[in-house]
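Trainee: Its first residue numbered 18, the sequence shown is counted upward by one per residue in this note's numbering. Sharing a structure here in structure tokens format.
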Amino acid sequence: MLQLAFYAFAALTIIGAFAVLVTRNVLYAAFFLLLTLLGTAGLFVLSSADFLAIAQIMIYVGGVLVLVIFGVMLTHKPDSSTDVSNQQQNRIPSSNRRGAGSSWVVGALVAGSLFAALFMVLVRANFRLLNQPVGWKSTVNTIGMQLMTEYVVPFETVAILLLAALVGATYLASPLAKPTRYATR
Numbered sequence: 018m019l020q021l022a023f024y025a026f027a028a029l030t031i032i033g034a035f036a037v038l039v040t041r042n043v044l045y046a047a048f049f050l051l052l053t054l055l056g057t058a059g060l061f062v063l064s065s066a067d068f069l070a071i072a073q074i075m076i077y078v079g080g081v082l083v084l085v086i087f088g089v090m091l092t093h094k095p096d097s098s099t100d101v102s103n104q105q106q107n108r109i110p111s112s113n114r115r116g117a118g119s120s121w122v123v124g125a126l127v128a129g130s131l132f133a134a135l136f137m138v139l140v141r142a143n144f145r146l147l148n149q150p151v152g153w154k155s156t157v158n159t160i161g162m163q164l165m166t167e168y169v170v171p172f173e174t175v176a177i178l179l180l181a182a183l184v185g186a187t188y189l190a191s192p193l194a195k196p197t198r199y200a201t202r
């Protein structure tokens, strides 16, 4: 049953990622990215990394992906009549088109060699953790205790840095920051 769930989440992740690459519609690509990120979160849950799964859903699905979808939906789409005229004006001469076929060959060779190298590394690797039993203990308490004891200085440093970035962005977006103030005369 556990292997079936793993294969289902792995298939969801791989199919979603492939669909992101293949589709030409940016909004559909964002929705396929949602499937990919949810599949990755499911794989994190199966790996007993519940904190990473929750962070994956909250940060990437809840924040970044929603921002991408809003960005796509709020951008201006040009009229189809002006789009056709722009395509006719920006045509690539036939002498420059022959380089496009060779770029596919180079890309396929690089991807194939990278896949072969990674496959050989995975085949020859000795994964010791696969022989150990999986512990279904929550990692949230352990991470919380380490953040508040052992890693409190880096945690607070990052918090102050993010606060400074938020204050700076708010100041730049406010009407007090006039662009003419810093202009040379």
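Each residue gets a CB set at the ideal place from its N, CA and C atoms; glycine is no exception. Remember, it's a predicted structure, so these values are computed and weren't measured experimentally.
So T156 and D67 are in contact, right, with Cβ under 8 Å, and what is the actual spacing, rounded?
Mentor: At roughly 6 Å, the Cβ-Cβ gap stays under 8 Å, so T156 and D67 are in contact.
Trainee: What are the uninterrupted segments assigned as alpha helix (DSSP H) that are 4 or more residues long and contained completely in the region 137 to 176, given in chain order?
Mentor: 157 to 165, all fully within the region 137 to 176.
Trainee: Specify whether the region 74 to 92 and the region 46 to 54 touch according to this definition: at least 3 beta carbon pairs, one from each stretch, less than 8 Å apart.
Mentor: Touching, yes.
Trainee: According to DSSP, is S130 part of a helix, a strand, or is it coil?
Mentor: In the structure shown, S130 sits in a helix (DSSP, three-state: H, G or I).
Trainee: Would the beta-carbon of L69 fall within 8 Å of that of F26?
Mentor: No.
Trainee: Grab me the residues of P192's own chain with a C-beta within less than 6 Å of its C-beta, minus the 5 sequence neighbours each way, in chain order.
Mentor: For P192, where only same-chain residues beyond five positions count, there are no Cβ hits under 6 Å.
Trainee: What does the Cβ neighbour count give for A125, buried or exposed, with the cut at 16 atoms within 10 Å?
Mentor: Label assigned to A125: exposed.
Trainee: Is T53 helix, strand or coil when you go by DSSP?
Mentor: Here T53 sits in helix by DSSP.
Trainee: Leaving aside the five residues before and after N143 along the sequence, list all residues of the same chain whose C-beta is less than 6 Å from its C-beta, in chain order.
Mentor: Within the same chain, N143 has no close Cβ partners at all.
Trainee: Quick check on the burial criterion: 16 or more other C-beta atoms within 10 angstroms. Buried or exposed for I31?
Mentor: Result: exposed.
Trainee: By the three-class DSSP mapping on this structure, what secondary structure does A66 have?
Mentor: Looking at A66 - three-state DSSP - the assignment turns out to be coil, as it is neither helix nor strand.
Trainee: Which of the three DSSP states, helix, strand or coil, is assigned to L193?
Mentor: Here L193 sits in coil by DSSP.
Trainee: Give the range of the alpha helix (DSSP H) segment to which L82 is assigned.
Mentor: Run containing L82: none; DSSP gives neither H nor E here.
Trainee: Would you grab the beta carbon distance between V89 and L44 for me? Rounded to a whole angstrom, and I think it's under 8 Å.
Mentor: Contact flag correct, Cβ pair sits at about 5 Å.
Trainee: Just tell me which of I86, G161, L29, F48 has its CA closest to the CA of A58.
Mentor: The shortest C-alpha separation from A58 is found at L29.
Trainee: What residue does the alpha helix (DSSP H) around Q20 start on, and which one ends it?
Mentor: Unbroken alpha helix (DSSP H) run through Q20: 19 to 39.
Trainee: Between V37 and F23, how many whole angstroms is the CB-CB distance? I'm expecting something under 8 Å.
Mentor: That belief does not hold up - the Cβ atoms of V37 and F23 are roughly 21 Å apart, past 8 Å.
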